[in-house]
Amino acid sequence: MAIFNLNINGKKQQVDVDPATPMLWVLRDHLNLVGTKYSCGIAQCGTCTIHLGDVAMRSCMLPVSQVGNQAITTIEGLSESGDHPVQKAWLEHDVAQCGYCQSGQIMNAAALLKANPNPGDAEIEAAMNGNICRCATYVRIKAAIKTAANG
Amino acid sequence: MSLIKTHFGRRSFIKTTALAGGGMVLGISWLAACKSGTKEEMLAMPKEWFNINGFLKIGENGVVTIMSPNPEIGQNVKTSMPMLVAEELDVDWKMVIVEQAPLNTDIFQRQLAGGSQSIREAWKPLRMAGATARHMLKEAAAQAWQVPVDEVTTEAGVLKHEKSGKSAGYGELASAAAKVAVPKEVKLKDPKDFKIIGQSKKNVDGLKIVTGQPLYGLDYRRDGMLIAMIAHPPTFGMKLKSVDDSAAKAMPGIKDVFTINVYNEGYEKQWCDTEAFNEKVVVVGNTTWEVMQAKKALKLEWEPFTAFSENVQGWGGPQKVTVPAGLENTNDHQSKMADLTAKPANLLRKDGDPEAAFKRAAKVVERTYSAPFLAHNTMEPMNFFAHVTADKAELVGPIQTPEFMEKTVAARLGLPLEKVDIQMTRQGGGFGRRLYGHFLVEAAVISQKMNTPVKLVYTREDDMTAGVYRPAYHVTYRAGLDAEGNLIAFHIRGGGTSDSPVHANRFPAGAVDNYLAEEWRLDTNISTGAWRAPGSNFIAGAEQSFLDEVAEAAGKDPIEFRLALFDKAMKSPVGKDNDYDAARYAGVLKEVKEKSGWANPPANVHRGVSAYYCHDSYVAQVLDIVVVDGKTVIQKIHCAVDCGIVVNPIAATNLVEGGMVDGIGHALYSAMTFKDGTPEQSNFDKYRLIRHSEAPKAIDVHFVQNGIDPTGLGEPLNPPIIGALANALYKATGKRVYRQPFLGEKAMLG
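Protein sequences appear in the order of chains P and A.
Final position of the first sequence in this note's numbering is 151; the numbers increase by one with none missing.
Final position of the second sequence in this note's numbering is 901; the numbers increase by one with none missing.
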């Protein structure tokens with residue numbers, strides 16, 4: 001066990017955990033930030049995506065010991081009240097079916113648009129390919145990303 | 152307008168007052184407490200709620216809470232079912248809050264997610280609940296104003312009496328309405344008067360989903376709750392031999408390690424109690440990560456079991472089911488299924504003289520199709536919360552069959568039914584997997600043993616290797632054509648492990664004079680169950696691929712070939728019990744023919760068509776493939792659907808789109824295979840699901856407009872698209888595909 005001082009959604013947080021603990025479980029079990037979801041645990045599905053700085057990361061394989069003082073953003077911290085352009089576009093297109101993967105999709109899409117404000121179809125597909133949606137809402141996700149880019 | 156009898160359970164009218172702030176007669180909902188800019192937060196909450204009936208309550212300020220009775224697995228019932236209540240209540244949707252109802256068979260009927268039946272079965276009961284409440288409000292107004300009730304009208308939550316000019320909001324009269332006698336009959340609206348049904352209403356959980364609020368079973372927590380995980384045999388055909396838990400028990404945060412039996416010896420299983428591994432090892436600890444690590448430190452030995460039988464209360468009554476011993480292999484399954492399909496099997500239906508017709512046929516086409524086991528792979532793995540005390544079991548989590556599992560849990564714990572309380576969270580996918588609630592039982596047994604609240608969590612690997620798979624299937628079709636290319640004989644023989652996909656009375660039965668259907672089953676100890684569109688998810692694609700090939704052999708356009716068969720089925724149907732309406736079937740095909748511009752396809756587009764009827768809805772699809780840099784790309788799908796009245800178009804369209812992409816993905820990429828009983832896939836590195844770049848570039852959805860009572864959309868879309876895909880791939884590449892996953896035959900899609 002070791003103490004880590006983390007910067008999450010603009011707030012200082014302290015946890016006392018095994019240094020190997022992935023950020024996913026630090027967020028979910030220790031900080032009660034459950035918007036970041038568990039699905040595969042091996043960085044294959046993107047459901048657990050968070051931002052480390054401005055970069056999308058799979059939190060299920062990111063040990064807390066590697067985070068240091070880098071700013072972490074989770075779905076709960078993406079906007080004050082759900083009004084990030086990507087969140088608004090998701091609601092406009094009514095993207096979710098079961099909705100479980102969507103926080104990861106949104107976090108990845110938000111990071112994509114930060115790096116590339118106006119991505120083409122192929123760029124969206126390449127950037128989003130790591131995020132599985134078992135309900136297969138891919139067509140709507142792409143439409144929502146385009147709306148967010150133009151919004 | 153139709154008059155229907157009302158029916159309510161004994162607990163529907165328990166008085167509710169002064170319960171503002173989330174409390175209510177149906178139990179305090181943890182989910183309702185999750186607020187973030189949602190309607191609950193933005194609307195001023197009433198000081199007092201008046202329970203009109205168990206389906207809805209009205210606050211003194213006119214805010215209405217409607218209970219959504221069924222499990223929400225992504226099929227949007229949490230939004231669309233309350234729309235049915237709100238329509239007949241005649242309330243402004245903006246004033247409606249939706250809450251997930253807990254399991255309560257006194258009030259609600261069929262709290263089950265399965266078979267695409269939620270909307271179909273709820274169509275009248277939920278409208279009845281809304282219409283009853285509206286009637287009671289009108290009675291209350293009539294009494295207050297001393298006017299005849301027939302002169303009271305409603306509009307968007309306001310009661311009016313035109314002659315006297317009086318009016319009042321529902322909230323003002325809710326208290327009085329709650330005391331009005333329940334009518335024996337109520338009038339339902341004429342569909343032409345619908346104001347909410349047929350309008351797109353967005354997901355009531357939408358904002359919670361995009362802001363990451365707790366909604367799902369895995370998000371649930373309770374003070375003092377421990378985390379539990381299980382280890383089941385890694386191999387079908389094996390059971391636990393020994394446990395060395397010394398290292399695991401000594402690890403940080405670990406509270407206990409022990410074994411459990413999911414079901415007691417001699418227990419007669421319900422259909423939803425399917426489970427391949429009865430004895431499991433349990434690790435309980437403080438946090439998920441600690442328990443995961445301890446689980447890896449277990450030293451477990453497994454040994455083959457001998458064949459055994461168990462009692463199962465199936466749909467057809469009690470049965471003794473024998474589970475064979477042995478460590479099975481995919482190659483053996485395939486060769487055994489090929490052998491079974493090559494010889495006569497159990498006769499299901501025979502019309503005319505098929506063999507004589509085949510003998511005189513000018514041309515006979517025979518083709519064989521197969522598909523592998525599939526895992527459900529809900530993105531949220533199996534999990535459940537349980538808190539079992541000496542006299543009560545409280546269970547919270549994702550389950551498609553709460554009504555059935557309540558009985559199983561009560562039997563397993565030795566508690567009366569009324570002492571088992573099940574609350575449903577939003578579910579991160581279902582697809583049939585959460586029909587089988589052994590994980591709920593496991594959570595309850597673990598909590599009972601630990602005497603503490605527990606959340607059971609499956610890892611992805613536990614989930615994917617636990618069984619209850621879509622069976623592997625194998626089917627051979629034969630078609631006989633006369634010299635003019637007319638279909639004069641049709642033969643289907645098929646089966647699976649250990650379920651048969653043959654539906655003897657489905658099309659083209661009834662459209663062919665000489666018809667033969669046979670089935671067989673191959674026993675296995677790999678557990679199988681319902682997987683999105685069970686029984687149809689393979690056979691529709693096989694049939695529609697085959698008909699495409701037969702139409703080609705007949706020298707006919709594939710749509711015209713099918714339409715001629717539907718015409719025959721309408722005008723001079725063959726045999727009895729034909730399980731489809733040929734006019735509606737032809738209707739969707741004609742719709743997609745027109746909307747896709749079938750007669751004049753765009754240049755360089757390779758098209759495949761399919762049409763199918765299952766789970767009470769009719770679907771036809773045209774799939775367009777283009778070849779870009781030598782790679783095949785799905786450019787567009789045109790889809791026509793006849794599911795009767797469309798309740799919520801934006802969500803219905805979403806289900807149609809997703810169902811088709813799901814079907815394409817599984818047909819192209821997905822398979823569970825076995826080596827000596829061990830699944831060769833246990834996570835998404837080896838089990839491939841369709842991804843963004845592989846999805847169709849565009850989808851056009853057209854609903855046939857009619858006034859028929861609605862049917863479901865969760866399942867009818869994925870089966871036929873596999874046929875449209877195979878037929879389009881043939882046009883694009885010149886090669887037919889017969890064995891799923893198609894990508895396993897040859898890399899065909901870019």
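Where is the CB? At the ideal position from N, CA and C, for every residue including glycine.
Bear in mind that the values here come from a model prediction, so they are computed numbers and not experimental data.
Cutoff 8 angstroms: residue i Cβ touching any chain A Cβ
| i | result |
| --- | --- |
| ALA96/P | yes |
| ALA126/P | yes |
| ARG140/P | yes |
| ALA136/P | yes |
| GLY82/P | yes |
| CYS48/P | no |
| GLN218/P | With chain P covering only 1 through 151, there is no way to say anything about residue 218/P. |
| ALA29/P | A quick correction: the sequence has Asp, not Ala, at residue 29/P. So yes, ASP29/P belongs to the interface. |
| VAL55/P | no |
| ASN150/P | no |
| ASP16/P | no |
Under 8 angstroms from the C-beta of residue i: neighbouring residues of chain A
| i | result |
| --- | --- |
| PRO22/P | TRP440 |
CA-to-CA distance, residue j to residue i, given in whole angstroms
| i | j | result |
| --- | --- | --- |
| GLU461/A | THR425/A | 11 angstroms |
| TRP244/A | ILE347/A | 7 angstroms |
| ALA693/A | LEU716/A | 18 angstroms |
| ALA476/A | MET389/A | 9 angstroms |
| TRP181/A | MET246/A | With a pLDDT of 37 at TRP181/A, under the threshold of 50, the modelled position of this residue cannot be trusted; read the value that follows with caution. Straight-line Cα distance between these residues: approximately 21 angstroms. |
| LEU564/A | PRO604/A | 15 angstroms |
| SER486/A | ASP827/A | 15 angstroms |
| GLU336/A | MET615/A | 49 angstroms |
| ALA681/A | ILE209/A | 39 angstroms |
Residue i: contacting residues in chain A (beta-carbon distance under 7 angstroms)
| i | result |
| --- | --- |
| ASN208/P | Not covered by the structure: residue 208/P. The range shown for chain P is 1 to 151. |
| GLY41/P | THR610 and ARG611 |
Minimum Cβ-Cβ distance from residue i to chain P less than 8 angstroms
| i | result |
| --- | --- |
| ALA803/A | no |
| ILE550/A | no |
| TYR367/A | yes |
| LEU358/A | yes |
| PHE835/A | yes |
| LYS707/A | no |
| VAL812/A | yes |
| GLN364/A | yes |
| MET530/A | yes |
| ASP370/A | yes |
| PRO847/A | yes |
| GLU742/A | no |
| GLY885/A | no |
| LEU806/A | yes |
| VAL361/A | yes |
| GLY816/A | yes |
| GLY322/A | no |
| ILE677/A | no |
| ILE850/A | yes |
Residue i: contacting residues in chain P (beta-carbon distance under 9 angstroms)
| i | result |
| --- | --- |
| LYS314/A | Chain P residues near LYS314/A: none, gap ~43 angstroms exceeds 9 angstroms. |
| VAL249/A | Per Cβ cutoff of 9 angstroms: no residues; VAL249/A is ~15 angstroms from chain P at best. |
| LYS353/A | LEU91, GLU92 and ASP94 |
Closer than 7 angstroms at the beta carbon, the chain P residues around residue i
| i | result |
| --- | --- |
| LEU840/A | ILE132 and ARG134 |
Beta carbon of residue i nearer than 8 angstroms to that of residue j
| i | j | result |
| --- | --- | --- |
| LEU667/A | GLY646/A | no |
| CYS60/P | ILE132/P | no |
| GLY436/A | GLY322/A | no |
| ASP241/A | THR157/A | no |
| MET218/A | PHE206/A | yes |
| VAL756/A | VAL792/A | no |
Chain P contact residues for residue i, given Cβ-Cβ distances below 8 angstroms
| i | result |
| --- | --- |
| ILE224/A | CYS98 |
| HIS843/A | ILE124, GLU125, MET128, ASN129, ASN131, TYR138, ILE141 and LYS142 |
Could you run through the stretch 88-119 of chain P and flag, in chain order, every residue whose CB is less than 7 angstroms away from some CB of chain A? TRP90, LEU91, ASP94, ALA96, GLN97, CYS98, GLY99, TYR100, CYS101, GLN102, SER103 and ILE106
Any C-beta of chain C within less than 9 angstroms: which residues of the stretch 65-76 of chain P qualify? This model lacks chain C altogether; the protein chains it does include are P and A.
Members of the stretch 376-391 of chain A that neighbour chain P once the beta carbon cut-off is set at 9 angstroms: ILE378
Between the stretch 254-270 of chain A and chain P, which residues of the former have a C-beta closer than 8 angstroms to a C-beta of the latter? Under the 8 angstroms Cβ criterion, the stretch 254-270 of chain A contributes no residue.
Below 8 angstroms between beta carbons is the criterion; list the residues of the stretch 563-591 of chain A that meet it against any residue of chain P, in chain order. ARG577, GLN578, GLY579, GLY580, GLY581 and PHE582
Quick one, which residues of the stretch 423-450 of chain A are near chain P if we go by CB-CB under 9 angstroms, in chain order? ASN437, THR438, THR439, TRP440, GLU441, MET443 and GLN444
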